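J.: In my numbering, the protein residues as written are 13 to 679. Glycine included, each C-beta is placed from N, C-alpha and C at the ideal position. Fair warning: this is a prediction, and the values are worked out from it, not measured in the lab. Encoded as structure tokens, here's the structure I'll be asking about.
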């Protein structure tokens, strides 16, 4: 679909407004033409000059016919009244047309934004993996805004074109020979403007590209502001964005300079056209027109009114060319044929009765040849927990993404109670699933709104109950405004463990039948993990649960554990069964728990050393406190010994602290 067809597609939704715009445009042009044509006869009558109509064009004779035979004074008054009335009606039509055009422009702008928003919500996740968020925001905002400007310009061009056609018709009715000459001369005016219009299109494309780059960079800088500040790159990012601003403003300035050149060029060329028309009218057509003064003056007056309209039309063409790049960008943005969409099934999902079967699943990401999953065959009975473990990049999260149909398998299928997942309605299927991942997303809203996001009709009692079930209500009560506390972008005022518990509360309130836990505790410290793990156990109780875990301590209670390596299942069984096999799972388990045992032993040694140092130090301090020293030298010696013991204790504490930090980082 071309850019112009895009505008026509959306404009066709408002046939009534378009027809009315055309009628008002013709009406305004008609009354404008009448008032213009009558001006010369009125002026001649006012100057008491004779108006010779013999040989005059039929149009002038027709307009003057109602006033023939009237006394001079009456005719002058009535003709003046006719001109005033025509001008009033013309301006009423123009005003109504402007209001209607503005309304139509706003409606089309709304439709474009609504179509863009709907597309972003319905398009497949793979689209976002290949797109820059800043670019999408720029298209949905700035580019559609410039497209709306193009729509308004196009409507103005259409209305002006109607008036131009009416005036050309007037000129043809007065003298087709002079009009033919005028057309040739005015074509030269259009030709001189064509170069400017082409440059406007070029500058518009540049402005669109600069706006995209600017939006992308600003959003990335704001999103990654912690990284920017932690690496001391504020000045570097500032200079990058300033350069983008300068380039964007330079492109905009060049577009404005180009647009501003149209008016003076047209004024000079139009003046030359008028002078040529006067000479041509006097020399070539004088013998053919008896009423030369009336006709020529009327013709020139109509031409004088026409030329500014042509200049306005050329300016609008330049302005439209400048925004046409945005129209093309929006057209590309709203296309559906080049974007991935998940096919929707027709069967409403009701409930899980028997289980979920991953039936010989293979998968590769779009435009990637290598398979991420190869021949995965798993069965998850209703009400049980299946854990997926393996090294990073083995395909665990990818397999979990197939269950809510973020992607579809390349080979094989996933069946719920024997029905292919692709046959279910997406909305009802996904509403039955709750997802808690390590990358918790919270909206810049209140705690209440975030917990109730999946069930916005939930009562306060239900929200509080969900918060308590997620071990979150205690810290929520301590927030400045409790449930009504605004938590900032992505929950910035909360700790990682608190954000995770809010996410679990959200899932509890949703009460999903199928639960997906994607390394929900992997980035938490020991204390936060304890609270979150307890909340997860409550959440998982009596639900069909798919767990992805890096820490094997969190999956020991799972009914089945599938070990995935390089996209394939290498082992499956419960915790005890896998340990007895002595295979891949056993090696993972030994590595993790050997490290934990070594860390525990280091902590025990540190604790013993602290006690060893504290005992004599306390004895020394007691002697000093009870004043049981015999000399100042002995007193100084006890103080030195106490100082050395305290210094060693501090070193031991630093060692313990580092050990705990490493433990938290590796979990």
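Report yes if the C-beta distance between residue 385 and residue 367 is below 8 Å; otherwise report no.
T.: The residue you call residue 385 lines up with position 373 of the chain shown. The residue you call residue 367 lines up with position 355 of the chain shown. No, these two residues do not count as a Cβ contact at 8 Å.
J.: Find out if the Cβ-Cβ distance for the pair residue 220, residue 147 is shorter than 8 Å.
T.: As a first step, residue 220 is located in the chain shown; it is residue number 208 there, counting from the start. As a first step, residue 147 is located in the chain shown; it is residue number 135 there, counting from the start. No. Outside cutoff.
J.: Look at the alpha carbon of residue 520 and the alpha carbon of residue 343, and state the distance between them as a whole number of angstroms.
T.: Residue 520 sits at position 508 when you count from the first residue of the chain shown. Residue 343 sits at position 331 when you count from the first residue of the chain shown. Rounded to the nearest angstrom, the two C-alpha atoms are 42 Å apart.
J.: By the 10 Å Cβ neighbour count, where 16 or more other Cβ atoms means buried, how is residue 105 classified, buried or exposed?
T.: Position 93 of the chain shown, counted from the start, is the residue given in the question as residue 105. Buried, since its Cβ has 16 or more Cβ neighbours within 10 Å.
J.: Buried or exposed: which applies to residue 87, given that a residue is buried once 16 or more other Cβ atoms fall within 10 Å of its Cβ?
T.: Locating residue 87 in the chain shown gives position 75, where the first residue counts as 1. That one is buried.
J.: Return the Cβ separation of residue 260 and residue 223 in integer angstroms, given the expectation that the two are a contact with Cβ distance under 8 Å.
T.: What you label residue 260 is simply residue 248 of the chain shown in a count that begins at 1. What you label residue 223 is simply residue 211 of the chain shown in a count that begins at 1. Rounded, the Cβ-Cβ distance is 6 Å, consistent with contact.
J.: For residue 417, which residues of its own chain have a beta-carbon under 8 Å away from its beta-carbon, when the five flanking residues on both sides are left out?
T.: Taking the chain shown and counting its residues from 1, one reaches residue 417 at position 405. Here the set comprises 354, 433, 434, 438, 441 and 442.
J.: Could you give the first and the last residue of the continuous alpha helix (DSSP H) run that contains residue 367?
T.: One-based indexing of the chain shown puts residue 367 at position 355. Taken as a continuous stretch (DSSP letters only), residue 367 belongs to no alpha helix (DSSP H), being part of the beta strand (DSSP E) at 367 to 375.
J.: May I ask you to report which of helix, strand or coil DSSP gives residue 393?
T.: Counting from one through the chain shown, the residue named residue 393 turns up at place 381. Here residue 393 sits in strand by DSSP.
J.: Determine, using beta carbons only, whether residue 191 and residue 180 come nearer to each other than 8 Å.
T.: For the purposes of this step, residue 191 is identified with residue 179 of the chain shown, where counting begins at 1. For the purposes of this step, residue 180 is identified with residue 168 of the chain shown, where counting begins at 1. Their beta carbons are under 8 Å apart, which means residue 191 touches residue 180 by this criterion.
J.: For residue 47, which residues from the same chain have a beta carbon less than 7 Å from its beta carbon, with the 5 sequence-adjacent residues on both sides left out?
T.: Position 35 of the chain shown, counted from the first residue, corresponds to residue 47. These residues qualify, in order along the chain: 95, 98, 99 and 102.
J.: Would you decide whether residue 17 is buried or exposed? Buried here means 16 or more other CB atoms lie within 10 Å of its CB.
T.: Translated into positions along the chain shown, residue 17 becomes position 5. Answer is exposed; the Cβ neighbour count stays below 16.
J.: Exposed or buried, residue 382, counting other C-beta atoms within 10 Å across all chains shown (16 or more means buried)?
T.: Taking the first residue of the chain shown as position 1, residue 382 is located at position 370. Residue 382 comes out exposed.
J.: In angstroms with no decimal places, state the Cα-to-Cα distance between residue 116 and residue 214.
T.: Counted from its first residue, the chain shown places residue 116 at position 104. Counted from its first residue, the chain shown places residue 214 at position 202. Each residue's alpha carbon lies about 28 Å from the other.
J.: Are there 16 or more other CB atoms within 10 angstroms of the CB of residue 265, so buried, or fewer, so exposed?
T.: Residue 265 sits at position 253 when you count from the first residue of the chain shown. Its Cβ having fewer than 16 others within 10 Å, residue 265 is exposed.
J.: For residue 569, which option in 555, 549 and 525 has the closest C-alpha, if you only look at C-alpha atoms?
T.: Translated into positions along the chain shown, residue 569 becomes position 557. It is 549.
J.: Tell me, please, whether the segment 322 to 331 touches the segment 273 to 287 by the rule of three or more beta-carbon pairs shorter than 8 Å.
T.: In short, these stretches touch, since the Cβ pair count reaches three.
J.: Does the segment 121 to 131 come close enough to the segment 188 to 205 that 3 or more CB-CB pairs lie under 8 Å?
T.: In short, these stretches do not touch, since the Cβ pair count stays below three.
J.: What number of angstroms, rounded off, separates the C-alpha of residue 389 from the C-alpha of residue 427?
T.: By 1-based counting over the chain shown, the position of residue 389 is 377. By 1-based counting over the chain shown, the position of residue 427 is 415. Whole-angstrom Cα-Cα distance: 11 Å.
J.: Measure the C-alpha to C-alpha separation of residue 113 and residue 22 and round it to an integer number of angstroms.
T.: By one-based count along the chain shown, residue 113 stands at place 101. By one-based count along the chain shown, residue 22 stands at place 10. So the two alpha carbons sit approximately 14 Å from each other.
J.: By the three-class DSSP mapping on this structure, what secondary structure does residue 424 have?
T.: Here residue 424 refers to the residue found at position 412 of the chain shown. Strand at residue 424.
J.: Whose C-beta lies closer than 7 Å to the C-beta of residue 267 among residues of the same chain, with five residues either side of it excluded?
T.: Against the chain shown, residue 267 aligns to sequence position 255. Cβ within range, chain order: 212, 215, 216, 219 and 334.
J.: To which residues of the same chain is residue 496 closer than 7 Å at the C-beta, ignoring the five residues directly before and after it?
T.: Counting from 1 along the chain shown, the entry for residue 496 is found at position 484. Cβ within range, chain order: 458 and 460.
J.: So what does residue 314 bridge to, in DSSP terms?
T.: By one-based count along the chain shown, residue 314 stands at place 302. DSSP, once it has assigned bridges, lists no residue as partnering residue 314.
J.: If you follow the alpha helix (DSSP H) that residue 516 is in, where does it begin and where does it stop?
T.: Position 504 of the chain shown holds residue 516. Unbroken alpha helix (DSSP H) run through residue 516: 508 to 522.
J.: Given 8 Å as the limit, is there contact between the segment 545 to 563 and the segment 461 to 480, that is, 3 or more CB pairs closer than that?
T.: With a cut-off of 8 Å, the segment 461 to 480 and the segment 545 to 563 do not count as touching, because too few Cβ pairs lie within range.
J.: Is the separation between the beta-carbon of residue 525 and that of residue 444 shorter than 8 Å?
T.: Here residue 525 refers to the residue found at position 513 when the chain shown is read from its first residue. Here residue 444 refers to the residue found at position 432 when the chain shown is read from its first residue. Their beta carbons are under 8 Å apart, which means residue 525 touches residue 444 by this criterion.
J.: Return the CA-CA distance between residue 142 and residue 283, expressed in angstroms with no decimal places.
T.: Stepping through the chain shown from its first residue, residue 142 is reached at position 130. Stepping through the chain shown from its first residue, residue 283 is reached at position 271. Roughly 55 Å separates the two Cα atoms.
J.: Is residue 527 closer than 8 Å to residue 556 when the C-beta atoms are compared?
T.: Here residue 556 is taken as the residue at index 544 of the chain shown, counted from 1. Here residue 527 is taken as the residue at index 515 of the chain shown, counted from 1. Yes, these two residues count as a Cβ contact at 8 Å.
J.: Could you give the distance in angstroms between the alpha-carbon of residue 546 and the alpha-carbon of residue 256?
T.: On the chain shown, residue 546 is found 534 positions in, with the first residue counted as 1. On the chain shown, residue 256 is found 244 positions in, with the first residue counted as 1. Each residue's alpha carbon lies about 50 Å from the other.
J.: Whose CA, out of 491, 50, 245 and 486, lies closest to the CA of residue 92?
T.: Position 80 of the chain shown, counted from the first residue, corresponds to residue 92. Residue 50 is the option with its Cα nearest to residue 92.
J.: For residue 139, which residues in the same chain have their Cβ closer than 8 Å to its Cβ, ignoring the five residues on either side in sequence?
T.: Here residue 139 is taken as the residue at index 127 of the chain shown, counted from 1. Cβ neighbours of residue 139 beyond the five flanking positions: 351 and 352.
J.: List the whole-angstrom C-beta distance separating residue 596 from residue 577, where the pair is believed to meet the contact cut-off of C-beta under 8 Å.
T.: Looking up residue 596 in the chain shown gives position 584. Looking up residue 577 in the chain shown gives position 565. About 6 Å separates the two Cβ atoms, so the contact holds.
J.: Closest by CA to residue 522, which one among 151, 482 and 380?
T.: Mapped onto the chain shown, residue 522 falls at position 510. Nearest option by C-alpha distance: 482.
J.: Confirm, please, whether the CB-CB distance from residue 318 to residue 289 is below 8 Å.
T.: Indexing the chain shown from 1 puts residue 289 at position 277. Indexing the chain shown from 1 puts residue 318 at position 306. Not closer than 8 Å, so no.
J.: In whole angstroms, what is the alpha-carbon distance linking residue 32 and residue 171?
T.: Taking the first residue of the chain shown as 1, we reach residue 32 at position 20. Taking the first residue of the chain shown as 1, we reach residue 171 at position 159. Going from the Cα of residue 32 to the Cα of residue 171 covers about 11 Å.
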